[in-house]
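Counting from 1, position 178 in the sequence shown corresponds to residue 178 in the UniProt record's numbering; the numbering is continuous, with no gaps.
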Amino acid sequence: MSLTLDEARARAAMLSAVSYDLEFDVRSPDAFRSRATVRFRTRGGDTFLELHRAEELQVTINGDTALPAYDGKRISLDGLAPGTHEVVVDARLRYVTDGEGMHTFIDPVDGERYVGGYLGLDVTQRLFACFDQIDLKAPITVRVTADPAWTILSNGLPTGPGTFAATPPIPCDQFVVVAGPYHSIRWEHRGLPMGWHARRTLAGALERDAAELRRITEVCYDHYTAVFDEPFPFGSYDQVFVPELNWGAMENPGCVTVSENLLPRERATDGDRHKQAMVIAHEMSHMWFADLVSPVWWEDAWLNESFADYMGFEVAETVAGYAGARVSFEAAFKPGAYRADRRRSTHPVAPAAEDVPDTATGWTIFDAISYGKGNAVLRQLVTWLGPVDFLAGVNAHLTAHAFGNATLEDLLSALDARSPRDVRGWAEVWLRKAGHDTIRVARHGDVPVLTRDGVRPHRFTVTAYSPGLELVGSRMVDLAEEPLELPEWAGLVVVPNAYGETFARIELDPYSYDAVTRGLADLPDPLVRAVLWATLLDRAPAAAHLDLIARQLPREPSPTLVTAALDRTLNDLLRRTDVPTALEVVAAACTTDDEPDEQRAIALARGLAWSTSDTAMLHRWLDTGATDQKLLLDPDLRWSVVHRLAELGGLDAAQIEAERLRDGTAAGDLGAATALAARPTAEAKAEAWAAMTEDPQVSARRFRALAAGFWSPSRPQPIAPYLAAAPALARRGSAFAAAVGRAFPTHPLTGQDLDLVREELRGDLPTVLRRHWEDELDDRGAAPIR
């Protein structure tokens, strides 16, 4: 049973002054002990604690042993008298391998064990008995009994071995504990204890990147503590690379967990560095927006993520010094938001609370609307209001609600009080309405005219170019109901929203379209090129899409834009369109005799490895450890080659096992799983399918790796077995349901396949899985079910 909005409101009205004293014993590899002492005040009546699938449950209420009703998820607390109460819940709980609860991981390199409480939404109940909702914030103390040699980290300041002081009031879903033989780098900055941590077998990678990780952490901290009036809210700041995290990172107050995927094993690309900086900036901004001030309910989760996403890209570029972070957003992240906004599942950036009736629906809010579109909409708000008024409103909001909960209305009130503009009117059309506008370029004779199809005011930069695409000028404009003529740019190529300040589909006039499709790669500004790559590929017919790749990708100088264009082709176009020559076009565009820019060479080599059918070349790369252009194969590129060779039938199980042993890491185990699943034989597919569906302990990460090999755009598999098995798999939990949904076939579907999906959607499906399947149908242009 998922907690409903009505239940959460009733419980929040009944309870106050909640606190938790927690004790965990994680010494056993089979299960862990969880003891929660929960104190609270109540107006009296009936309520409940959540605790998921507890064994050996013992409960005392105000010191007396109790036998409350327990259904495997809720502990009933009936007939409570008004006043203060103490409930102690002691239980044996199972570890998980799906990233929802107390996750356990065995390092395949050295056999060491790591455990971590990976939480979010309604997952806290898998760790300890709690009131599992975000508006019942509480101070939390914790004691952990573990191997004495382990490092133990949590939200609060350590007070002794495995013990931590009380936190300020935080939502219980942002509690964290991680334990294991971590390698740590610790220091103090401006009096605040800081640290970076990673598994012992990743110590070399952590030490290699330590100076830069520390620099980014410090400059982000200095920036936020300068621009926010409220001081840093917590007593320390640790960042931990943890295994098998379902999210890119999690903003646990004072102790951020980060996916190990963000710690490159060997060679790091510029894209890797940009992403590291963005994630560090994103998660640290959450210390104020999500942790210091938290939502009341999940309809406002977008505000946390939109704000952090906006700050992440902005601060990575302007403060941490990673020029090109916004290029990455425009090319690689914003297109997904446009696509999401066209689906039947689109929703306002800020939905009404009643549109998120339970926590199961809350999971679906963490999507490209809340992240990518929300980021872009906040950028438009900053552009429209001005950064000074925007920041003044944000600071007033943070101060007014510090260590409490707040709503969008609270933020709008703060912004409205500090700006002469109609903030609520702006919010009504930008935040409360789904969908997006279209900005069109037309011509009155030679004069460019901008028009808006939609309801939103827009402020953005327009750039003008000569027919040969030399920059003539640029200026900021406001566009609303009235068309905007640009007579000073008669006869010129014009690009609206050239720097991505607003969120709207762009339709160029034929004159401008022809010019930029001929000379896109020649434009000097990579941000303008990013906007145009996204614009030109957006809903382009397959022939036009591939023509742009063939003509412009070989000349595109930005590795970020090369990678984004390849991703749009290989992971978007090929999912929905059966174009027999598509891989040949991509492979030809990625083939180069010599590429002096190493970063661009890496991007092209990855694209070639994903698309070529030349097995002799790929074998040569493996044998020599380098491409024909002498680019050394790092582990990620090598596994891309192995995957493609296996998919083409060029490697057998013994050869893949040899590659796994050669790699010798957890990432190598996953690479081998993908390659084994990619082999085109019926036997290989049967083995992979059994590994995905018959092992109840398969981790979400391994499931995703197997699915990545099982499906191939060029080698369709029957989808009926997947559709039949997915609902039961998805009931393991919401995060695993997302993994199952993302494991949807990657090849174009036949009409019969689409009918099968529609038929399954008429049945009883977990909310998260249903959302993924409906999105897949929409992305493929299929008619919805009736």
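For every residue, glycine included, the Cβ atom is placed at its ideal position computed from N, Cα and C.
Beta-carbon proximity of residue i to residue j, cut-off 7 Å
i	j	result
Leu263	Ala316	no
Ala609	Thr577	no
Pro171	Phe164	no
Glu330	Ala530	yes
Leu553	Ala589	yes
Ala688	Phe710	yes
Ser345	Glu774	yes
Ala666	Pro108	yes
Thr569	Gly271	no
Ser611	Ala646	no
Thr97	Gln697	yes
Thr84	Arg41	yes
Val177	Ala129	no
Leu532	His545	no
Asp238	Cys255	yes
Ala739	Arg715	no
residue 813	Phe744	For residue 813 there is no data in the structure shown, the boundaries of the chain being 1 and 786.
Val641	Trp621	yes
Beta bridge counterpart(s) of residue i as assigned by DSSP
i	result
Trp196	Ile185, Gln239
Leu93	Phe32
Tyr114	Phe105
Pro295	Ala406
Gln58	Asp90
Ala626	Leu632
Ile75	Leu49, Tyr70
Asp594	Paired residues: none, contrary to the question.
Val144	Phe24
Thr665	Answer by DSSP bridge pairing: none, since Thr665 is not bridged.
Asp437	Ala504
Gly204	Looking at the DSSP assignment, Gly204 forms no beta bridge with any residue, so it has no partner.
Residue i versus the options, residue with shortest Cα-Cα distance
i	options	result
Asp779	Pro766, Leu761, Val768, Leu749	Leu749
Ile185	Gly650, Gly160, Phe241, Pro171	Phe241
Ala325	Ala277, Glu354, Trp363, Val349	Ala277
Leu51	Trp187, Val38, Leu765	Val38
Glu409	Pro295, Glu482, Glu100	Pro295
Ile216	Gly671, Trp426, Lys275, Ala728	Lys275
Phe307	Met692, Leu385, Leu631, Val377	Val377
Phe48	Asp78, Thr60, Tyr20	Asp78
Ala210	Cys220, Ala198, Tyr221	Ala198
Leu450	Met617, Thr201, Pro496	Pro496
Gly180	Asp132, Trp150, Gly156, Ala682	Trp150
Thr4	Ala301, Val356, Met250, Ala626	Val356
Arg126	Gly733, Val768, Asp753, His747	Gly733
Pro243	Ala332, Glu188, Gly99	Gly99
Leu479	Ala406, Ala504, Glu488	Ala504
Status (buried if at least 16 other CB within 10 Å, exposed otherwise) for residue i
i	result
Ser512	buried
Val462	buried
Arg771	buried
Arg786	Reliability fails at Arg786, whose pLDDT of 40 lies under 50, so the model's placement of it is uncertain and the value that follows must be treated cautiously. The residue is exposed, with fewer than 16 neighbouring Cβ atoms inside 10 Å.
Gln380	buried
Met102	buried
Met1	exposed
Val455	exposed
Leu523	buried
Met476	exposed
Pro784	Only weak support exists for where Pro784 lies, its pLDDT of 49 falling under 50; the value from the coordinates is given anyway. Pro784 is exposed by the Cβ-count criterion.
Ala17	exposed
Ser466	exposed
Lys334	buried
Lys373	buried
Asp437	buried
First through last residue of the alpha helix (DSSP H) which encompasses residue i
i	result
Pro559	559-568
Arg505	Segment 504-507 is the beta strand (DSSP E) holding Arg505; no alpha helix (DSSP H) there.
Pro348	First-last for Pro348: undefined, no H or E at that position.
Arg701	700-710
Gly741	734-742
Opening and closing residue of the beta strand (DSSP E) in which residue i lies
i	result
Pro448	447-453
Cys130	Note, Cys130: premise wrong, no beta strand (DSSP E); not H, not E.
Pro510	Unbroken run through Pro510 is the alpha helix (DSSP H), 510-519; no beta strand (DSSP E).
Gly473	471-479
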